[in-house]
Amino acid sequence: MLRTASNAPLAEERPLEKALGYQIRMLRRERDLSVGDLAAAAGISQGMISKIENGTISPSLASINAIASALNVPITGLFTAFEETRDCSHVKRGQGVPIERRGIKVGHLYELLGGGIRGDVVVQPYLITLKGEAETYTS
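Heads up: the sequence shown begins at -17 in the working numbering, then just goes up one per residue.
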């Protein structure tokens, strides 16, 4: 575990490397390959393959590409164990989704700025722009 100067919660060491190593080991075993077999096919030493599978080093892109080729998977297939879930989205200025609502007729323009990515909507943020000729809203 990594310690921080601010005494913040401890962070797991090398989560990307561990996830990458786990995926490589799983794919290697599915193909019934030994570490030596994979090393020979990828042109990488057995020791390096072992370190990569154990998540103790950060392999180069060239090594990752060689391993992906040896396992006959796209390079992205080695990172599936590290997919992060995100609970929100970021919408840049002017890129909100225009929404048709009743207020449009009276000078209110609605833009949806985001929403839950997982589908469970808790809040729907809107930017509502009032034109100069917009009617006053009263409920």
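A virtual CB, placed ideally from N, CA and C, is assigned to each residue, including glycine. In this text the structure is predicted, and so the values were computed from the model without any measurement.
Nearest neighbour of residue i, chosen from the options [CA to CA]
| i | options | result |
| --- | --- | --- |
| Glu12 | Ile39, Val55, Ile81 | Val55 |
| Ile46 | Glu115, Lys74, Leu(-2), Tyr108 | Leu(-2) |
| Gln106 | Val73, Thr118, Glu115, Glu117 | Val73 |
| Ile26 | Ser51, Met8, Tyr4 | Ser51 |
| Tyr108 | Arg(-4), Asp19, Gln77 | Gln77 |
| Gly96 | Asp19, Arg75, Arg(-4) | Arg75 |
| Tyr4 | Thr62, Asp19, Leu20 | Thr62 |
Beta-carbon gap between residue i and residue j smaller than 8 Å
| i | j | result |
| --- | --- | --- |
| Gly29 | Lys0 | no |
| His90 | Leu112 | yes |
| Ala24 | Ile49 | yes |
| Gly94 | Ile110 | Checking the sequence, you will find Leu at residue 94 rather than Gly. Their beta carbons are not under 8 Å apart, which means Leu94 does not touch Ile110 by this criterion. |
| Ile57 | Ile34 | no |
| Ser40 | Val17 | no |
| Val79 | Glu117 | no |
Cβ separation of residue i and residue j, assumed to be a contact under 8 Å, to the nearest whole Å
| i | j | result |
| --- | --- | --- |
| Leu43 | Arg10 | Not confirmed; about 19 Å, so no contact. |
| Phe64 | Leu2 | 7 Å |
Where the alpha helix (DSSP H) through residue i begins and ends
| i | result |
| --- | --- |
| Pro(-3) | -3 to 12 |
| Glu35 | 28 to 35 |
| Val17 | 17 to 24 |
Enclosing beta strand (DSSP E) for residue i [first to last residue]
| i | result |
| --- | --- |
| Glu93 | 90 to 94 |
| Leu126 | Nothing can be reported for residue 126: it is not among the residues displayed for the chain, which extend from -17 to 121. |
Practice item. Go through the stretch 38 to 83 residue by residue and report every complete run of the beta strand (DSSP E) that reaches 3 residues or more, in order. Key: 79 to 81
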